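Please read the structure below before turning to the comments.
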Amino acid sequence: MSTFFDSIRRTGFRRGPQRILGGVCGGVAARLGANVMIVRLLLLLAFLLPGIGWVLYVALWALLPWQDGSIPLERVLSR
Numbered sequence: 001m002s003t004f005f006d007s008i009r010r011t012g013f014r015r016g017p018q019r020i021l022g023g024v025c026g027g028v029a030a031r032l033g034a035n036v037m038i039v040r041l042l043l044l045l046a047f048l049l050p051g052i053g054w055v056l057y058v059a060l061w062a063l064l065p066w067q068d069g070s071i072p073l074e075r076v077l078s079r
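Under the UniProt record's numbering, read the sequence shown as residues 1 to 79, first letter to last.
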């Protein structure tokens, strides 16, 4: 399982410093070089689709590493 989480860390995605809630949009925007407001707007539009926005956000929240490299899902599974 650690190779799975190590591969997530190697993608370069981190929760961004421009956080409102979980830092997911800030991290995605920083990695893609996009404006964080555009990423937030696209996520809000995804919330209009039945279930897709919520599932996507929760999955990213659980899998995106913090700035120190720790991944929330990995911490929960290692307990």
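Don't be surprised by glycine CBs; every beta carbon is placed ideally from N, CA and C. Keep in mind it's a predicted model, so treat the numbers as computed, not measured.
Using a Cβ-Cβ cut-off of 8 Å (strictly less than) and excluding sequence neighbours within five positions of residue i, which residues of its own chain qualify?
{"i": "Leu32", "result": "Val39"}
{"i": "Gln67", "result": "Arg14, Arg15, Pro17"}
{"i": "Ala30", "result": "Arg14, Gly16, Pro17, Gln18, Val36"}
Grab me the residues of residue i's own chain with a C-beta within less than 6 Å of its C-beta, minus the 5 sequence neighbours each way, in chain order.
{"i": "Ala62", "result": "Pro72, Leu73"}
Which two residues bound the contiguous alpha helix (DSSP H) that contains residue i?
{"i": "residue 127", "result": "Since the first residue of the chain shown is 1 and the last is 79, residue 127 is not available in this structure."}
{"i": "Ile71", "result": "No alpha helix (DSSP H) holds Ile71; DSSP gives it neither H nor E."}
Report, in whole angstroms, the separation of the C-beta atoms of residue i and residue j, which I expect to be a contact under 8 Å.
{"i": "Leu64", "j": "Val36", "result": "Actually they do not touch by this definition, with Cβ atoms about 14 Å apart."}
{"i": "Met1", "j": "Leu60", "result": "The Cβ separation is near 19 Å, so there is no contact."}
Got a sec? Which residues, its chain only, sit under 7 Å from residue i by beta carbon, not counting five neighbours each side?
{"i": "Gly69", "result": "Arg9"}
{"i": "Leu43", "result": "Cys25, Gly53, Tyr57"}
{"i": "Gly27", "result": "Phe13, Arg14, Arg15, Gly16, Leu64"}
Please check if any C-beta of chain C sits within less than 7 Å of the C-beta of residue i.
{"i": "Arg79", "result": "The structure shown contains no chain C; it is built from a single protein chain."}
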